[in-house]
Amino acid sequence: MSPWRQLALRAYGAATWPQRRALARTFGAERRWPVSVLFYHRVADDRPNDWTIGRRAFRRQINWLSKRFDLVSLAEAQRRLAAGDCPRPTACITFDDGYADNCDYAIPLLLRNRVPFTYFVSTENMIHGLPFSHDEARGEPLRPNTIEELRAMASAGVEIGAHTRSHAHLGRSRDHDWLVEEIAGSKCDLETRLESEVRYFAFPYGTPDTLTSAALSVAREAGFHGACAAYGGYNLPGECDDAFLIQRIHADPEWARFWNWMTIDPRKLSIAAPETPPAANDSPSELSVPPIHGPDVASMVEGGRSD
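Residues 1 to 307, numbered by the UniProt record's numbering, are exactly what the sequence shown covers, in order.
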C-alpha cells in the first residue's frame, strides 16, 4: 500500500471513529456483535506475495486479536450467529490452500496460545505433493502440506476443512457431477486419510460468482456443517437460522486495512451474501464420490520453529 493510501485510510478511520464507537455501544447493548472470520494463506518471511503475511505481522495481529476478541471455533461462531446472541467482539481464524510453511511458525504459535482455527486444504495438491497452479504461474512452486502434517494438526485439535480437490473455481460450471467430485470428493479424501469427520468447506477464491446455488446445494448434501466465502463481510447474529454460509475477511498484512476491518467499518456492514443458501434437506441425496489415487506422501517435515 502506498504511503498516500495509508494516510487516506488512517484519516478515514479517524473520521469514522465516533460512528464505530456508537456501533460498538449498540452491538454490546443488544448482544449482537458481528462475527469477523479472518482467512490467511501462508505465513512466512521469504518469497513474499499477495497471499503471504510475514511472521512479525502475523504475530502482531494474533496478539492484538487475543486481547480484544473472543477467538472461537467456527462451530461456536455459528452457534452465536444462529442464536442471535453475541455479547462480545468475536473472531475466528482460518487458513486456505494448505502451505507447508505454516508448520514452521504460524501453527505452533496458535497451538501454543490455544487459539482455535480451521485449516482448509485442496486435496489433490496434498495427495500428489503438487504446488498450487497460482504459485507455479508466478514461478514460485511452494510446497503444500502432507497428510502426515495434517494428521499431526488434527491430533493437536486443529479443525481440518476441505477446499475442493483441485482449487477449482466453482462458478465456472453448474454440472452436478463435477461439483460433487470437487466438493464432496475433497471431503471424502480427507475423511479417508484422517479417519475423522470433516465438517467445514471453503470456496476457492470465495468471490460472489463462485457461490452458486448449485455449489451450495452440493455442499449441503455432502454433509458439511458450513461453507466459507472470502470476499469480505461481517456475519451478523440472528440473520439466519443456521449460519451455513460464513463470510470471511482477508487478514491483510497492511495494518491500516486490518484495523479498519476489525474495528467495524460502517461502510462494510451492508455487504451481504450474494445468494440465500439452500435450506437444509431432511433427506439429502446420496453423493457418489469418485476416488483419486496418488503416491504415498513423504514423511512429515520437522515443524515448530519460531523466532
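For glycine and all other residues, C-beta sits at the position ideal for the given N, C-alpha and C. Computed from a predicted structure; not experimentally measured.
| Item | Value |
| --- | --- |
| With 16 other Cβ atoms within 10 Å as the buried cut-off, status of Asn281 | Note that Asn281 scores 43 on pLDDT, short of 50, meaning its location in the model is unreliable and no value can be drawn from it. |
| Pro237 and Cys86 closer than 8 Å at C-beta | yes |
| Residues that DSSP places opposite Asp265 in a beta bridge | Partner(s): none; Asp265 has no beta bridge. |
| Entirely enclosed alpha helix (DSSP H) segments - the segment 109 to 151, minimum 4 residues | 123 to 128, 133 to 137 |
| Per DSSP, cross-strand counterpart(s) of Arg42 | Thr52 |
| Gly98 beta carbon less than 8 Å from that of Val121 | yes |
| Close beta carbons around Ala168, own chain, < 7 Å, minus the five adjacent residues each side | Glu182, Pro204 |
| Touch test, the segment 137 to 151 against the segment 89 to 109, Cβ-Cβ under 8 Å, three pairs minimum | yes |
| Of the listed residues Thr164, Ser270, Trp259, nearest to Ala57 (C-alpha basis) | Trp259 |
| Assumed close pair Ala215, Asp96 - CB separation to whole angstroms, cut-off 8 Å | Wrong, their Cβ atoms sit about 16 Å apart, outside the cutoff. |
| Cβ-based burial, Thr192 [other Cβ within 10 Å; buried from 16] | exposed |
| Backbone secondary structure at Leu9 - three-state DSSP | helix |
| Bridge partner(s) assigned by DSSP for Cys228 | Ala202, Ile246 |
| Whole-Å CB distance - Ser36 paired with Ala75, under 8 Å assumed | Contact flag wrong, Cβ pair sits at about 16 Å. |
| Secondary structure, alpha helix (DSSP H): runs of 4+ residues fully inside the segment 64 to 101 | 74 to 83 |
| Where Ser36 falls: helix, strand or coil (DSSP) | strand |
| Beta-carbon proximity list for Thr207, same chain, < 6 Å, skipping 5 on both sides | Tyr231 |
| Bounding residues of the alpha helix (DSSP H) (the contiguous stretch that carries Ala156) | From DSSP, Ala156 is part of no alpha helix (DSSP H); its letter is neither H nor E. |
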